[in-house]
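Trainee:
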Amino acid sequence: MIAESYPLHALCLGSNLTVAHQDETKLRRHGDIIQRTVGGYYLVQGRADDTMNLGGIKTSSLEIERVCNRADESVLETAAVSIKSSNGGPEQLVILAVLNKRSAECDPNLLKAKFQRAIQKNLNPLFKVSFVKVVPEFPRTASNKLLRRVLRDQVKQEFSTCSKL
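Plus 17 on top of the position in the sequence shown (first one is 1) and you've got the numbering used here.
(1) Do you know whose CA, among A96, V111, Q52 and G72, lies nearest E154's CA?
(2) Can you check whether the C-beta of P142 is within less than 7 Å of a C-beta belonging to chain B?
(3) Quick one: what does DSSP say A97 is sitting in, helix, strand or coil?
(4) Apart from the five residues just before and just after A20, which ones in its own chain have a Cβ nearer than 7 Å to its Cβ?
(5) Report yes if the CB atom of S99 is closer than 7 Å to the CB atom of L110, and no otherwise.
(6) Write down the C-beta distance between L79 and F144 rounded to the nearest angstrom, noting that I regard them as a contact closer than 8 Å.
(7) What is the DSSP secondary structure of V111, counted as helix, strand or coil?
(8) Under 7 Å, do M69 and E94 count as touching if we go by C-beta distance?
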């Protein structure tokens with residue numbers, strides 16, 4: 018997270034969020050999607066190329082998260098990951114949610130229904146939410162990026178344990 022605006026940030030951040038020199042030449046393309054908050058801070062949301070294949074349709078986890086973050090006021094942040102089905106079918110969409118402190122208790126099945134409606138309305142009616150899990154916080158790197166690989170491994174471990182029972 019960047020606490021202060023980069024000098025001449027209006028000249029430095031183009032529409033594709035590529036850092037540019039004053040003469041409009043591109044300096045580097047980093048592949049991260051960045052959100053500027055109301056307070057002027059920048060949040061690195063993740064890689065633009067982090068995709069999943071849901072029923073033969075490739076989509077970005079960030080697209081799903083943007084929709085789910087607005088689906089319910091009790092949701093502070095979401096993370097969308099996909100796991101391969103144990104029977105070889107399409108990947109299963111799992112959404113992990115961090116809730117606001119004041120709404121610490123929320124039914125995951127209710128959230129699943131809200132996320133499903135929001136995704137069908139705003140993205141693709143064929144995408145199906147398989148599972149929703151409420152977690153206290155997400156694992157992050159030192160630069161505050163979401164560790165999707167760790168989340169994916171945790172969900173795989175949980176699903177493999179459940180399927181053995």
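Glycine included, C-beta positions come from ideal geometry on N, C-alpha and C.
Mentor: Quick look at the numbers:
(1) A96
(2) In the structure shown, chain B does not exist; there is a single protein chain.
(3) strand
(4) For A20, the predicted model reports a pLDDT of 42, less than 50, meaning its position is unreliable; a value from the coordinates is still stated below. Here the set comprises Y58.
(5) yes
(6) With 8 Å as the limit, L79 and F144 do not qualify as a contact, their Cβ atoms being about 14 Å apart.
(7) Reduced to three states, the DSSP call for V111 is strand.
(8) No.
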